[in-house]
Each structure stands twice: as C-alpha cells, then as structure tokens.
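The structure under discussion appears below in the form of structure tokens.
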Amino acid sequence: MISNWHKMAKADVLRNSPAFSRGVLFLLLLAVAGLVACRAQLSLGFQVSGLAQTGLPGLYEGQFMFFSGIGAGLAAARLYCRLSGRSGLDPLILWFTFCVLLAALSFSAINLGRPERFFYIFRSHNFSSLRFWVSLALLVYLFITVLSLAGFGRKYLMFPAVFLASAIPVLNGLLYQGMSEGRFHDFPLHSALLAPRFLASAVSCGLALLLLGLFLLRNFARFDLDAKFVKTLAAGSACALALNVFFYILGAADAFYNLSAGRARFLLLFFGGGDTLRFANIAMWLSAVLALLALLLLLLPRTRGNMHLLPWSLAMIPLSALLEQGLNFNAWAGYTPSLIELLVSAGLVSACLALFGTGGRRILRHALTPVKIF
Amino acid sequence: MRPGSRCILSVGRFSEAGKVANRSRRKFLRTFGFALAGLAGLPVLPGASPSALPAAASGNAAQNTAVPGGHAGGLKAGRWGMVIFTRKIAGVSERHKIIQACHEAHNVPDIPGRHAIKWIRNEGFARSFAVRQAPEELLNRRFLLLCNHCSNPPCVRVCPTRAGFKREDGLVLVDYGLCIGCRLCMSACPYGALSFNFCDPAPYLREIVPDFPVRERGVVEKCNFCVERLDAGLQPHCVEASGEAVIAGDLSDPESRVSRALKDNYGIRRNDPHGLEPNVHYIL
Ligand code: SF4
Ligand code: SF4
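Order-wise, the sequence lines are chains A and B. Heads up, the first sequence is in the working numbering, so the first residue is 1 and it goes up one at a time. Heads up, the second sequence is in the working numbering, so the first residue is 1 and it goes up one at a time.
Given below as structure tokens:
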C-alpha cells in the first residue's frame, strides 16, 4: 500500500471530483511555494528567519511539538476504534498518523542549522539529551506505523505504538523542563505540569483531528459515519481538553501564588508586556477563549449532539493548541516568524494534507467498503 | 461558498448503525491506562537509566562524559578558570583591545545586528550580575562576559550529538563538525555565551587566520578558552592582551595564581541559582 501511494494519489487526483482536485492542486501549489522557500533557507541559512541570537525555539519548533502531539493523540483514537470493533478504520488512522509524523519529523529537521546532519542525533547520541529520546521515539513510532500500514503485525504493534505515542508528548514537555537552567527556567508554567498537560493536549487534538479528517473525507468519499461513534470520540476529546484546561489553570494559580520573576511572565502573556508581547496577548486570549468555548460546546450533550455545530467545536481544539503551543511559545520573546518561515511551514503542512487527502480517500474508496467500516 | 456547495467541515450523512458498547469504552480506557502506567515505570525517560538518573538530576551528566584533553607540551590544569580584575579594564579601549585580540585570532566574524557573533562581549553591572542596586561607579562599569566553562554545564547535557563536550581539565568546547545547529545549548545556557551562525561567516571576516577553522553556516560557537594556545603551552589571547587584568590558571590548585588572587580579593561570579559552578571570577 505504501509503495503505491504516489500512484494512488495520482489516480485519485485525475479521477476525482473537481472540488477535490482543485483542493489538492491548491495544496500542491502551496507545497511548491514552501519548497522554494525551503531551498532559500537551505542556501542562505537561518538569516532568512525571524530568529535572533536568543536561541529560543521558533515557529518550526512549535510546529514540531504540535504535529508530534497530534501523531501521539491519534494512537488513542486508533486504540479506541480497535477496541470498539471498528478496526476497519485502522488503515485510515495509520495513514493520518504517518502523514502527521512525517510533518513533525520534517519540522524537526528543517529547524536545524544543518539539517543534513539530522541522523548525527543517533550516530553520535547523547543519552542525557531529551532531543535524542524524542527523536528516537518519533522515528520508532513512524517505523511501527509504516509496518502496520503495510499489514505487518498490526494487532501486536498497537501496544508499542500506544506506549511510544504516550511517551512523545511527555518527552516534549520534559524537553522544556530539561532546559530549566537556561531561559526556560522562567518558563511561564510550572514545569512539572508541562508533561501531563502536553499529553492531555495531544489526546484531545488527536481525537478532534481524526473526526475532522473523517468529516473532510466524508465530502469526497462515499461512507457513512456512525453518530454514536462520533459523539463518543467527541466526548473523549472533551475530557482530555478538560484535563488540559485543568492543568493550565493550575499553572496560572501557581503563577499568581508564586509571583517570582519567571512565573510572573505567565501573567504578562495575558495582561501586558508592551509591543513585543502584543501578538502573544492576542494569541493567548484567543486560545483560552477557543479552548473554553470548545469545552462548553462539547460537554453539553445538546451541543455535542448537534452535528452541524460539532465540526466547529472540534476545530477550536487544535486551533487553540496551535495558537498557544505552535505559535505563542515564540511570540512572547518578541520573535516574529519571517515570510520564509511561514511559507516553509504552510508548504509542509499543505504537502502532508494533500498526501493525507489523496491517500486517505483512496483507502476509504478501495481498501474498505462502507460495510467494513461500521 | 457557492450555492449548493458544502462547507468542507460539514458532517454529511449519519447512520445509527454503529453498535458502540459501553464495554468498548471501558476496554479502551483500561488499555490506555495500562500504557500510561507502563510509561511511568519504564526507563525510557531521559536520564532514567540507573547511572544516568542521579547524574542528570544533579546536573553532573556532563562530568560523566568528560573527555581527556591536553597535549604533552601544553599547559595543564585540574580545572581551568579565569579571574578578571575589572577595575584594571574599566576603560573602553582596554576592553576593546581584549575583544579584538580574541575575535581576530579565532576568525569571529563582524556581523552587525541581531545575528552578531560574540565570544567576549561588554555588559553593564546589572545585566552581568542580575543585581540592580549597587554603588553608582559599579553600575556604570562595564564587564567582560564570556563562556564560564561551568563545572556542571547544561549546554553539554542537552546537546543531542555530543558536539558540546567537557574535557577532563574543565574546558567546555564545541565540535563544529558534529554540531547540527539545534540551538538547544543556547537555550540551556543562562549566560548567553553561545552564538549561532545564521549565515556563512566568511564574507564578514576582514582577515582569515589560517591556523584556526572558519566555521560553517548553521553551527554554534563560543569562547574556547584558547584551548589551541593552552595545548601549545601559551596563555589565552585575552590574558596576553589585557596586561595583568585577566589571569587564567588552575582553580583546583590552591597555590595557583588564580586561586591566590581569589584568596586575596573579593571575587564574585555571575548569578548561579542552578548550581552550574561558573569558573570565571570577577574582582570588583
Ligand atoms: S557559560 Fe554557558 S556555554 Fe559556557 S559552559 Fe556554562 S552553560 Fe555552557
Ligand atoms: S547547537 Fe550544536 S552544540 Fe548546541 S546542542 Fe545543538 S548540536 Fe549541540
């Protein structure tokens, strides 16, 4: 299945509805623009980025965290589908996981000053470095996903996959915690809360994005969605989001109580900081409002059951995480992503979305029948 | 949106055919819970191997990976350190001379603006020592800041490729050939001692010193305590250019010049709330 994906994608683009083809074409154009920007960055170096000598992670690092978290969250969705007797969805979730992990690893590589040396992380490994463990977990998770996609030991590989998927957001959280001697010692949230918060965020985003992916493909491929299944996954996403919000509030309470220079920065993210933090202020408030609104809409059975409202409620979850984790980490230090960084990021995400759309529809159309799914 | 077309987020058709049992939800939660419990107990977590955990927790992981260093004919020390007599270099020209000597000898490019690379730099008292209240004269004085060659360097601990390493004699160095440019060391160093090569540094060099490597775009660099000179039996460039204002020596030897200077004078180090043990001392 994997070796044929490009043929499948091509066949689909040629055969499909004009809306789908136009969508994929648009994504591919964005991907080409991203590729050109990427070439510029590779030949000119990071001088084309918005980063300065501060060493703080930029947009790519945020995107890496975001996509690796989603990849991890999808394992929860897969586990639920398998245990609830919907293993017909397995190939689709695996394909989604594959595309998302590809995006995460690409962001990790493009974030390096010397991306061609990416594999030095393993060749010249340092066991004390969290970056080594995160990269290892991601690569093994990707390998397991590819094996499962190809049909090898899908049932048994599920458990190491879930284990690795749980490890990734935890390690990502610890990565920040592990850098506590540096500027991250004044990281706005209590560091011990980061790992569980990242995990909760990953699960809520993963479940929400799986449903959104299904809704999206539903427009272009013929299959029925089971309302109970959708509502259950939405409720799962809401529970994980509630945990995330709870950990976040704990962090805020800690900042109010502690008020040490580092923790007090958390308050600046919402309430001040001048021009350098203006974008951060807007992003944080927007992120908080989106998360709370999504929580409210998903917790109330009436709004959760409204299938026209549901996609919007679900879309708020990854959007909130993107604003808070994927962008805002950088903005509060006064960093603004450059056009090249934005283009590279948009191109990479578009390429992975096009891959998911074309391959995903192919899987739904040809590998499965509606009867097999539900 | 065209009339009749659907929003891509719309759900579309639904069927009530699914037979989701509560049993499956419980099964899901149980299995996921087991996986999480397993995660908590397994030693895959960074630094969680029996030997690495205490080291990483105490910030001493770097010491475990210290590599031998030094040449047969070179200067030796148990722990290299530096003492800076700040009054003696209170003038702009003295400090400039030292910075220039270091930067020229090490092919440090002169890049303007936010991508500037600095092995040694000038800062005021408040920024250098995180102290805001002091006598006026001290607040107005400028201080030379450089890598402190910390005894517990976090920059070494976080480096994924061991490009950042610590020698047995305490020097913390960067291997430009192994550096992947992840900049984690820069985030980990609380003293801002590292610089990243955002672009190719060669065009920004007025003169290239052939004895020292010109770095490539995308790698990190910092003060190397003139290790190439120490190994050749010579004192660092900053020491030579400063007259007697900067001295370097063995801090582990109580009879060394640096140790005696610290016994006879009141010296401070840069703010060290995390126990990194910086080895550059400032005599006020
Ligand atoms: S001053 Fe910074 S770069 Fe130098 S050894 Fe200490 S932590 Fe590392
Ligand atoms: S930038 Fe280079 S020296 Fe610094 S942590 Fe990364 S690989 Fe190591």
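The beta-carbon is built from N, C-alpha and C at its ideal position, and this holds for glycine as well.
Quiz item: Would you say L355/A touches ligand 1, meaning its beta carbon is less than 7 Å from a heavy atom?
Solution: For the purposes of this step, residue 355/A is identified with residue 355 of the first sequence, where counting begins at 1. No; taking the cut-off as 7 Å, the Cβ of L355/A has no heavy atom of ligand 1 nearer than that.
Quiz item: From N140/B to F125/B, what does the alpha carbon distance come to, in whole angstroms?
Solution: One-based indexing of the second sequence puts residue 140/B at position 140. One-based indexing of the second sequence puts residue 125/B at position 125. So the two alpha carbons sit approximately 7 Å from each other.
Quiz item: Is there a Cβ from chain A that is less than 8 Å from the Cβ of P213/B?
Solution: Translated into positions along the second sequence, residue 213/B becomes position 213. It does not; no Cβ of chain A falls within 8 Å.
Quiz item: Of all Cβ atoms in chain A, is any one closer than 8 Å to the Cβ of G218/B?
Solution: By one-based count along the second sequence, residue 218/B stands at place 218. So, interface residue.
Quiz item: Rounded to a whole number of angstroms, what is the C-alpha to C-alpha distance between P18/A and N219/A?
Solution: For this step, residue 18/A is matched to residue 18 along the first sequence. For this step, residue 219/A is matched to residue 219 along the first sequence. Approximately 12 Å between the Cα atoms of the pair.
Exercise. Can you give me the Cβ contacts of K228/A inside the same chain, cut-off strictly under 7 Å, excluding the 5 residues immediately before and after it?
Key: Taking the first sequence and counting its residues from 1, one reaches residue 228/A at position 228. Same-chain partners within the cutoff: there are none.
Quiz prompt | Span separating the alpha-carbon of I317/A from that of G177/B | solution = For the purposes of this step, residue 317/A is identified with residue 317 of the first sequence, where counting begins at 1. For the purposes of this step, residue 177/B is identified with residue 177 of the second sequence, where counting begins at 1. Distance between the alpha carbons of I317/A and G177/B: 42 Å.
Quiz item: Quick one, which residues of the region 196 to 208 of chain B are near chain A if we go by CB-CB under 8 Å, in chain order?
Solution: F196, N197, F198, C199 and D200
Quiz prompt | Three-state class that DSSP yields for N122/B in the structure shown | solution = In the second sequence, the residue the question calls residue 122/B occupies position 122. In the structure shown, N122/B sits in a strand (DSSP, three-state: E or B).
Quiz item: Under 9 Å Cβ-Cβ, which residues of chain A neighbour G170/B?
Solution: Position 170 of the second sequence holds residue 170/B. Simply none; closest approach about 18 Å.
Quiz prompt | Assigned secondary structure, M296/B (DSSP; H/G/I helix, E/B strand, else coil) | solution = Look at the range of chain B in this structure, 1 to 284, and you will see that residue 296/B is not part of it.
Quiz item: Counting contacts by CB-CB distance shorter than 8 Å, is K155/A in contact with chain B?
Solution: To locate residue 155/A, count along the first sequence from 1; it is residue 155. No - not a single Cβ of chain B is within 8 Å of the one on K155/A.
Practice problem: Using DSSP bridges, identify the partner residues of F196/B. | Solution: One-based indexing of the second sequence puts residue 196/B at position 196. F196/B is bridged to V220/B.
Quiz item: So, helix, strand or coil for D231/B, using DSSP?
Solution: Position 231 of the second sequence holds residue 231/B. Note: D231/B maps to coil in three-state DSSP.
Exercise. Report the rounded CA-to-CA distance for A33/A versus A103/A, giving the unit in angstroms.
Key: Here residue 33/A corresponds to residue number 33 of the first sequence, with the count starting at 1. Here residue 103/A corresponds to residue number 103 of the first sequence, with the count starting at 1. Each residue's alpha carbon lies about 16 Å from the other.
Quiz item: Between which two residues does the alpha helix (DSSP H) containing H281/B stretch?
Solution: For the purposes of this step, residue 281/B is identified with residue 281 of the second sequence, where counting begins at 1. It is not in any alpha helix (DSSP H) - H281/B instead sits in the beta strand (DSSP E) that spans V280 to I283.
Quiz item: At what residue ranges does the region 54 to 132 of chain A contain a whole run of the alpha helix (DSSP H), taking only runs of 4 or more?
Solution: 59 to 83, 90 to 110 and 120 to 123
Practice problem: Pull up the CB-CB distance for P169/A and G69/A, whole angstroms please, since I reckon it's below 8 Å. | Solution: Here residue 169/A corresponds to residue number 169 of the first sequence, with the count starting at 1. Here residue 69/A corresponds to residue number 69 of the first sequence, with the count starting at 1. Confirmed, Cβ separation roughly 5 Å.
Quiz item: For ligand 2, any of its heavy atoms closer than 7 Å to the Cβ of V258/B?
Solution: Your numbering for residue 258/B matches position 258 in the second sequence. Checking every heavy atom of ligand 2 against the Cβ of V258/B, none is found closer than 7 Å.
Quiz prompt | Check: R183/B C-beta below 7 Å from any heavy atom of ligand 2 | solution = Translated into the one-based positions of the second sequence, residue 183/B becomes position 183. It does: the Cβ of R183/B is within 7 Å (strictly closer) of some heavy atom of ligand 2.
Quiz prompt | Within 7 Å of chain A by C-beta, residues of the region 149 to 176 of chain B in sequence order | solution = P154, R157, V158, C159, P160, T161 and R162
Quiz item: Is there at least one non-hydrogen atom of ligand 2 closer than 7 Å to the beta-carbon of T161/B?
Solution: Position 161 of the second sequence, counted from the first residue, corresponds to residue 161/B. Yes, since a heavy atom of ligand 2 falls inside the 7 Å radius drawn around the Cβ of T161/B.
Quiz item: By the criterion of Cβ-Cβ separation under 9 Å, what are the contact partners of R114/B in chain A?
Solution: Along the second sequence, read from residue 1 onward, the residue named residue 114/B stands at position 114. By Cβ distance, chain A contributes L51, A52, Q53 and T54.
Exercise. Please indicate yes or no: does the CB of G58/A lie closer than 7 Å to some heavy atom of ligand 2?
Key: Within the first sequence, the letter at position 58 stands for residue 58/A. Answer for G58/A: no, Cβ out of range of ligand 2.
Quiz item: Helix, strand or coil for D272/B per DSSP?
Solution: Here residue 272/B refers to the residue found at position 272 of the second sequence. D272/B: coil per DSSP, three-state reduction.
Exercise. Please name the residues in the region 27 to 53 of chain A whose beta-carbon is closer than 7 Å to at least one beta-carbon of chain B, in chain order.
Key: L44, G45, F46, Q47, A52 and Q53
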